[in-house]
Amino acid sequence: MAYEAAAGAGAGAGGAAEGREGKIDPVLLRLYEIGAVKSDLAAYVEHGIVARTEVFGAEDACIEELGTRLGRLLDGLDIGAYCKAPILSEELWERFVGTLDTFGSEGLVSSR
């Protein structure tokens with residue numbers, strides 16, 4: 001049901017998965033399809049629907065393409081609104097590191 005909604009014209013839940021027209025990115029959708037096939041790959045192969053090499057080749061192609069634009073996809077998710085981990089920005093990371101105790105071979109060197 002969710003797949004049909006995502007694949008339908010004008011569908012999409014928003015965020016980085018959507019393209020300019022508001023539709024789910026076709027490469028992400030294809031990767032989802034491949035995952036569904038892989039969940040019962042033996043049956044697909046046994047019935048001659050697809051060869052294992054085709055499935056893994058298509059999956060690799062999708063991952064390669066998505067890898068080239070991973071930064072843009074992640075930026076579109078607005079992770080900062082949901083995650084406050086200090087590693088998300090240099091400023092937050094520096095502030096976090098400044099709160100840590102320092103240890104050396106003799107034990108505690110400085111406490112914050």
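So in UniProt numbering, spot 112 of the sequence shown is number 112, and the numbers just go up one at a time.
Note that beta-carbon positions come from the ideal geometry of N, C-alpha and C, so glycine has one too.
Nothing here was measured: the structure is a model prediction, and the numbers come from that model.
*Between which two residues does the beta strand (DSSP E) containing Gly107 stretch?*
For the purposes of this step, residue 107 is taken as the residue at position 107 of the sequence shown. Note, Gly107: beta strand (DSSP E), Gly107 to Ser110.
*Just how far apart, CA to CA, sit Gly35 and Ala58?*
Here residue 35 refers to the residue found at position 35 when the sequence shown is read from its first residue. Here residue 58 refers to the residue found at position 58 when the sequence shown is read from its first residue. Straight-line Cα distance between these residues: approximately 11 Å.
*Lys84 to Ala42 span [Cα, whole Å]*: For the purposes of this step, residue 84 is identified with residue 84 of the sequence shown, where counting begins at 1. For the purposes of this step, residue 42 is identified with residue 42 of the sequence shown, where counting begins at 1. Going from the Cα of Lys84 to the Cα of Ala42 covers about 42 Å.
*Roughly how many angstroms lie between the CA atoms of Thr102 and Asp78, to the nearest whole one?*
For the purposes of this step, residue 102 is taken as the residue at position 102 of the sequence shown. For the purposes of this step, residue 78 is taken as the residue at position 78 of the sequence shown. In a straight line, the C-alpha of Thr102 is about 33 Å away from that of Asp78.
_Out of Pro26, Glu106, Ile49 and Gly104, which one is the CA nearest neighbour of Ala61?_
Taking the sequence shown and counting its residues from 1, the one referred to as residue 61 is at position 61. Out of Pro26, Glu106, Ile49 and Gly104, Pro26 has the C-alpha closest to the C-alpha of Ala61.
*Which of helix, strand or coil does DSSP assign to Thr68?*
Your numbering for residue 68 matches position 68 in the sequence shown. Thr68: helix per DSSP, three-state reduction.
_Cutting at 8 Å between CB atoms, please list the residues of its own chain near Val37, excluding the five before and the five after it._
Working through the sequence shown from its first residue, we reach residue 37 at position 37. Hits under 8 Å: Tyr44, Val50 and Val55.
_Residues near Glu91 in its chain [Cβ-Cβ closer than 6 Å; skip 5 each side]_ = In the sequence shown, counting from the first residue as 1, residue 91 sits at position 91. Nothing listed; no residue qualifies.
*Excluding the five sequence neighbours on either side, which residues of its own chain have a C-beta within less than 6 Å of the C-beta of Phe96, listed in chain order?*
If you number the sequence shown from 1, residue 96 lands on position 96. Pro86.
_Of the residues Gly76, Gly98, Val109 and Gly71, the one placed nearest Ile24, counting alpha carbons only_ = Here residue 24 is taken as the residue at index 24 of the sequence shown, counted from 1. Per the Cα distances, Gly76.
*Please state if the CB of Leu88 and the CB of Ile63 are separated by a distance shorter than 9 Å.*
Translated into the one-based positions of the sequence shown, residue 63 becomes position 63. Translated into the one-based positions of the sequence shown, residue 88 becomes position 88. No, the pair does not count as a contact, with Cβ atoms beyond the cut-off.
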